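Trainee:
Numbering (the working numbering), first residue to last: 1 to 366.
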């Protein structure tokens, strides 16, 4: 059964897991609230001659800005069936219609074969901009034409466990996400460079219209099925630092939980959090960069921990994050030496020009 919350209640729950993006949260919350009100109207069966049209959602934002996280969290809040599909798989498919049907079959699987439940689910189509940038323009338009009816609402025949199941997509909420890298430039051209010179891409994209999507390569009919546009901004260093510790499922809390199994406490100094955020910002992959940076030093730590007797606590400093020294180990029983020893963390794959393998540290491969 779907949980029905007001927009403010939805935003309050999103705030527990998603850092920043306040405007995006509000727009998304209202869109979802209105969508399920529309579903309730239809279920009530009242015929007053007024048909509330479906409003699917288009999310614009750079890599790592939290598009997938917001939608995934939203689906959990609502307790609805939810699937993520990658538009690049649709682009690569020989049979586009069959590939799209696979997405709906996946949604049906999530609903344990309950067609009615699946018909009230959410489908998130990620990297939707690849329908244009990943193929030639003619094929991209053809794919969009095939998808039109499904995202608008139609009856689809699906092969399911040896039978043909009819699924109505009218009440499925379709949310598309993409980086749309060149879209801000298109909007700037339309508005005039002089009028947008002081605006960042986030501020510019807030003024996007259907004409801009058409210039980008999306067909007007497809864009018309996604009247709600949600714009996310790139996470700055302060937001990245917040993302490390503030959400309920923060990366730091995940590491704390994993090490608690070994009965070891892990402490990150404030300066170490600053360093992680600084390095992650340089990667320009948003929140995803946080895990990339942390795994560089945490992999070595988690390798060593099971071999450390009487280890009770680990302290992470900026030097540890930078890969200059080992972390500070605290023991419940005194050890012979507590000096900080230089060590090299696990390198990112592909960053060593001479080898694809990890570096050898103190005679061990990591």
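Cβ atoms here follow ideal geometry from the backbone N, Cα and C, with glycine treated the same way.
Keep in mind it's a predicted model, so treat the numbers as computed, not measured.
So is residue 272 buried or exposed if we call it buried at 16+ other beta carbons inside 10 Å?
Mentor: Residue 272 is buried by the Cβ-count criterion.
Trainee: Quick one: what does DSSP say residue 178 is sitting in, helix, strand or coil?
Mentor: Strand at residue 178.
Trainee: With burial defined as no fewer than 16 other Cβ atoms inside 10 Å of the residue's Cβ, what is the status of residue 147: buried or exposed?
Mentor: Result: buried.
Trainee: For residue 4, which of 53, 48 and 77 has the nearest alpha-carbon?
Mentor: If we check each option's Cα against that of residue 4, 77 comes out closest.
Trainee: If you count every other CB in all the chains shown that lies within 10 Å of the CB of residue 79, and 16 or more means buried, which is it?
Mentor: So residue 79 ends up on the exposed side.
Trainee: What's the gap between the Cα of residue 354 and the Cα of residue 331?
Mentor: Below a pLDDT of 50, predicted positions are generally treated as unreliable, and residue 354, at 39, falls in that range; the measurement from the model is reported next regardless. Taking the straight line from one Cα to the other gives about 38 Å.
Trainee: Report the rounded CA-to-CA distance for residue 105 versus residue 228, giving the unit in angstroms.
Mentor: So the alpha carbons of these two residues sit roughly 26 Å apart.
Trainee: Taking only the alpha-carbon atoms, compute the straight-line gap between residue 48 and residue 39 and give it to the nearest angstrom.
Mentor: Residue 48 and residue 39: Cα-Cα distance of roughly 15 Å.
Trainee: Just to confirm, are residue 125 and residue 73 a CB contact at a threshold of 9 Å?
Mentor: No.
Trainee: Quick one: is the Cβ of residue 208 within less than 8 Å of any heavy atom of the ligand SAH?
Mentor: For the ligand SAH, the structure offers nothing, since it holds no ligand at all.
Trainee: Would you report the Cα separation of residue 98 and residue 158, rounded to the nearest angstrom?
Mentor: Using only the alpha carbons, I get a separation of about 9 Å.
Trainee: Tell me, to the nearest whole angstrom, how far the beta carbon of residue 137 is from that of residue 217; I am working on the premise that it is less than 8 Å.
Mentor: Between residue 217 and residue 137 the Cβ distance is about 6 Å, and since that is below 8 Å, they are a contact.
Trainee: Report buried or exposed for residue 260, applying the criterion of at least 16 other Cβ atoms within 10 angstroms of its Cβ.
Mentor: That one is exposed.
Trainee: Leaving aside the five residues before and after residue 340 along the sequence, list all residues of the same chain whose C-beta is less than 8 Å from its C-beta, in chain order.
Mentor: Below a pLDDT of 50, predicted positions are generally treated as unreliable, and residue 340, at 46, falls in that range; the measurement from the model is reported next regardless. Cβ within range, chain order: 319, 325, 326 and 328.
Trainee: Since residue 207 is in the beta strand (DSSP E), which residue starts that stretch and which ends it?
Mentor: It is not in any beta strand (DSSP E) - residue 207 carries neither H nor E in the DSSP assignment.
Trainee: How is the beta strand (DSSP E) around residue 86 delimited, first residue to last?
Mentor: Residue 86 -> beta strand (DSSP E) spans 82-86.
Trainee: Are residue 11 and residue 31 touching if we call contact CB-CB under 9 Å?
Mentor: No. Outside cutoff.
Trainee: Among 90, 33 and 296, which has the Cα closest to the Cα of residue 276?
Mentor: Checking every option, the nearest Cα to that of residue 276 belongs to 296.
Trainee: Using C-beta distances below 8 Å, list every residue in its chain close to residue 142, excluding the 5 sequence neighbours before and after it, in chain order.
Mentor: So the qualifying residues of the chain are 96.
Trainee: Looking at C-alpha atoms only, which residue of 155, 166 and 232 is the closest neighbour of residue 200?
Mentor: The residue with the shortest Cα to Cα distance from residue 200 is 232.
Trainee: Could you pull the start and end residues of the alpha helix (DSSP H) that residue 257 belongs to?
Mentor: Start and end: 251-260.
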